[in-house]
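At position 65 of the sequence shown the residue is numbered 52 (this note's numbering), and the sequence of numbers has no breaks.
Just so it is clear, CB atoms sit at the ideal spot from N, CA and C, and this is done for glycine as well.
A quick write-up on the structure given underneath.
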Amino acid sequence: MRAWTIFTLLLAVAGLFMLVTSGFAKDEMMTDEMKQIKVYSVEKGDYVMTDRVAKSEEEWKQQLAQPEYEPMAYKILRKQGTEPAFSGRYAKHKEHGVYRCAACGQDLYHSDHKYESGSGWPSYYQPVAPENVATRTDRSFFMVRNELICSRCESHLGHVFDDGPPPTGQRHCINSASLIFHPLKKK
Ligand SMILES: [Zn+2]
């Protein structure tokens, strides 16, 4: 009788142990999956897996204070700021290439999808791929707007409105300071 009780107890402990360790393994797997995202690469012409970028506010502050960034880069990218209309370097920019996230370098917009909206901010009717940008609800300034963020580093880009041209009808209104232009050769 006593041996039987010990055996049952051992079985219960072993079962509990397996349950706990499998739970940990699953957690680790989920974290790994969540660390990587599938995004479109213009240069590769295909989807790629890339690591998410997560930094502390202090790290962002230091990075974005470097001379290669626009003076308002930190305020815009990390604090949802907006540059004054017609002040940004890409408002009237017309070269052929890809506009990347100024904070992490991810491809965001292609010059083929840029158009003159008259708003004073670079405007695109679509991103390079839906996976490369994400939206967040922004309730600041007594308005409800759809904020656009980089899907890789979650930095603020601008807002999306539904008064854009065909074929999407969308207007991605983006701060120049959130972008870095990379020229491409015309094919
Ligand atoms: Zn980014």
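Is the beta carbon of Leu64 less than 8 Å from the beta carbon of Leu95?
-> Translated into the one-based positions of the sequence shown, residue 64 becomes position 77. Translated into the one-based positions of the sequence shown, residue 95 becomes position 108. Between Leu64 and Leu95, the C-beta gap is not smaller than 8 Å, which leaves the two residues out of contact.
How long is the line joining the alpha carbons of Asp14 and Gln23, rounded to whole angstroms?
-> The residue you call residue 14 lines up with position 27 of the sequence shown. The residue you call residue 23 lines up with position 36 of the sequence shown. Interpretation of Asp14 is limited by its pLDDT of 48, a score under 50 that renders its predicted location unreliable; no figure is taken from the coordinates.
Please indicate yes or no: does the CB of Ala90 lie closer than 7 Å to some heavy atom of ligand 1?
-> Within the sequence shown, residue 90 is the residue found at index 103, counting from 1. Ala90 Cβ: within cutoff of ligand 1.
So is Gly105 buried or exposed if we call it buried at 16+ other beta carbons inside 10 Å?
-> Taking the sequence shown and counting its residues from 1, one reaches residue 105 at position 118. In the assembly as shown, Gly105 is an exposed residue. Its beta-carbon has fewer than 16 other beta-carbons within 10 Å.
Can you tell me which of Asn162, Glu46, Arg139 puts its alpha carbon nearest to the alpha carbon of Val147?
-> Along the sequence shown, read from residue 1 onward, the residue named residue 147 stands at position 160. Considering only alpha carbons, the answer is Asn162.
Who are the Cβ neighbours of Tyr34 in its own chain at under 8 Å, not counting the five residues just before and after it?
-> The count along the sequence shown starts at 1 and reaches residue 34 at position 47. Closer than 8 Å at the Cβ level, and outside the excluded window around Tyr34, lie Lys25, Val26, Tyr27, Ser28, Ala116, Glu118.
Work out the CA separation of Leu(-4) and Gly92 for me, nearest whole Å.
-> As a first step, residue 92 is located in the sequence shown; it is residue number 105 there, counting from the start. As a first step, residue -4 is located in the sequence shown; it is residue number 9 there, counting from the start. The straight-line gap from Cα to Cα measures roughly 56 Å.
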